[in-house]
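Since the structure comes first, as structure tokens, the remarks are kept for the end.
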Amino acid sequence: MEKRMGRSANTHRTPEAISVTPTAPPVDLVHLTRHSLGDTELEREVLQLFVAQSSVYLNRLKEASNGEQWRRATRTISGAARGIGAWNLAASADTAALFGHNVEDDRSRNAIIDVENQITLVNAYIRSLFLIH
């Protein structure tokens, strides 16, 4: 799957060592391979599950009516993103978590937009992996 998905195996990085950057691929496939122990079918299943569930997670964030619901939604998105190596999405969700004290605030609305944009980017990238390979 490494070659089929266009991976470069030239680095060994931990999530803590990865800097969030707009030029990084939306999903760190090396991270995903490490966590799946190289099982390409498991990788495919995990990525497909992420695509399927991400809209549910995003809707929970959009529908949050209090700070606790907001925090749960952002933590769920962040955790799911970290699981597949979607570092920029995880960072967006972590930032959004800071604004959950007032879900009607402009910063909260902007955070939702940012998280939604990141989810769209990640999902498009995942879909492209399956179309091309």
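Note that full-length UniProt numbering has the sequence shown beginning at 1, numbered continuously upward. For every residue, glycine included, the Cβ atom is placed at its ideal position computed from N, Cα and C.
Measuring alpha carbon to alpha carbon, tell me which of the options ends up nearest residue i.
i: G85; options: F130, N123, E41; result: N123
i: T23; options: F130, N102, L121; result: L121
i: T74; options: L37, L49, V103; result: V103
i: Q69; options: I112, G100, N117, I113; result: G100
i: Q118; options: A80, A52, L89, A111; result: L89
i: A111; options: I126, R127, S92; result: S92
i: I113; options: A96, L37, E41; result: A96
i: D94; options: A80, S128, L47; result: A80
i: L131; options: F50, R44, S54; result: R44
Just to confirm the assignment, what range does the alpha helix (DSSP H) spanning residue i have?
i: N66; result: Per DSSP, N66 belongs to no alpha helix (DSSP H) and is neither H nor E.
i: N88; result: 87 to 97
i: T23; result: Premise fails: T23 is in no alpha helix (DSSP H) and is neither H nor E.
i: L32; result: 29 to 35
- Message: Using 8 Å as the cut-off, can you tell me whether the stretch 57 to 72 makes contact with the stretch 24 to 39, which would need three or more C-beta pairs spanning the two stretches below that distance?
- Response: Output reads no: the stretch 24 to 39 does not touch the stretch 57 to 72.
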